[in-house]
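A.B. asks: These protein sequence lines map, in sequence, to chains A and B. According to our numbering, the stretch in the first sequence is residues 2 to 91, in order. According to our numbering, the stretch in the second sequence is residues 102 to 198, in order. Every residue gets a Cβ at the ideal spot worked out from N, C-alpha and C, and that includes glycine. Dumping the structure here so I can ask a few things about it.
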Amino acid sequence: MNAFLPFVIVTVTALMLVYLYRVVRGPSVFDRVLGLNGISTKAIVLLVLIGTIFERVDMFVDISTGYALLNLVGALAIAKFLEERGAREK
Amino acid sequence: MTWMAIALISIGLYFLVVGALGMLRLPDVFSRAHALSLTDSIGAVFVLAGLAVHEGFTLNFLKILVVLVLVYLMNPVISHATLRAAYRYGLRPENRD
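Rendered as structure tokens:
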């Protein structure tokens, strides 16, 4: 029973490697943005998992909230920038 | 850790694994975003709900719930913005007859 949370953490980290492959190999820049979004979601989940293992969820949840907001703003800024550039190049 | 928390986390993990498989195997950016956005939001929500149940009914429960709602709202918005940028950039969905 106690080995369940470390198992979940290892699995989520392995999934982050899959998304990292997509970020490195992705044919277009939008694939890379989507892969980064997936990695950020996994990182949010991972922070709460680590907080549960260390029994300091009160602290780690705040960190993951900040990370989620930063991810939202950053991804929207990148998407907006690429959209403007695509509209100008046509 | 109760059985309900373990069940919720296992369901969420299944969705996350399926989303990663789709991200790895699907052909173009639109189908990949389809795999990522749907499964990722529901998988993360299930894992976070399991952790909230594990935490019990305290202040941390509500904090994890805030993160859960944030992830659930954030993922489709980012996918939609990225795909609209891709469409206006000139990419089109791959059409196989």
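Return the residue from the list A:30, A:43 and A:36 that minimises the CA-CA distance to residue 13 (chain A).
C.D. replies: A:43
A.B. asks: Just by C-beta distance, which residues in the segment 168-190 of chain B are closer than 8 Å to chain A?
C.D. replies: Only 168, 171, 172, 175, 176, 178, 179, 180, 182, 183, 184, 185, 186, 187, 189 and 190 from the segment 168-190 of chain B bring a Cβ to less than 8 Å from some Cβ of chain A.
A.B. asks: For a test of the three-state rule: what should DSSP assign to residue 56 (chain A), helix, strand or coil?
C.D. replies: Here residue 56 (chain A) sits in coil by DSSP.
A.B. asks: Say whether chain A places a C-beta atom closer than 8 Å to the C-beta of residue 108 (chain B).
C.D. replies: no
A.B. asks: With three or more C-beta pairs closer than 8 Å as the rule, is the segment 160-167 of chain B touching the segment 53-60 of chain A?
C.D. replies: yes
A.B. asks: Along the segment 31-61 of chain A, where does the CB come closer than 8 Å to a CB of chain B? Name the residues.
C.D. replies: 31, 32, 34, 35, 36, 38, 39, 42, 43, 45, 46, 49, 50, 53, 58 and 59
A.B. asks: Taking the C-alpha atoms as reference points, what is the distance between residue 196 (chain B) and residue 131 (chain B)?
C.D. replies: Using only the alpha carbons, I get a separation of about 11 Å.
A.B. asks: Of all the residues that make up the segment 140-156 of chain B, which are near chain A by a beta-carbon distance shorter than 7 Å?
C.D. replies: 141, 145, 148, 149, 152, 155 and 156
A.B. asks: What separation, rounded to the nearest whole angstrom, lies between the Cα atoms of residue 170 (chain B) and residue 30 (chain A)?
C.D. replies: 28 Å
A.B. asks: Run down chain A in chain order and give the residues with a C-beta less than 8 Å from the C-beta of residue 165 (chain B).
C.D. replies: 49, 58 and 62
A.B. asks: CB-CB under 6 Å to residue 134 (chain B), same chain, minus the five flanking residues each way: which ones, in chain order?
C.D. replies: Only 180 and 184 meet the Cβ criterion.
A.B. asks: Would you mind telling me which residues of chain B sit closer than 8 Å to residue 77 (chain A), beta carbon to beta carbon, in chain order?
C.D. replies: 178, 179 and 182
A.B. asks: Using only CA atoms, which one of B:149, B:187 and B:167 lies nearest to residue 108 (chain B)?
C.D. replies: Comparing Cα positions, the closest option is B:149.
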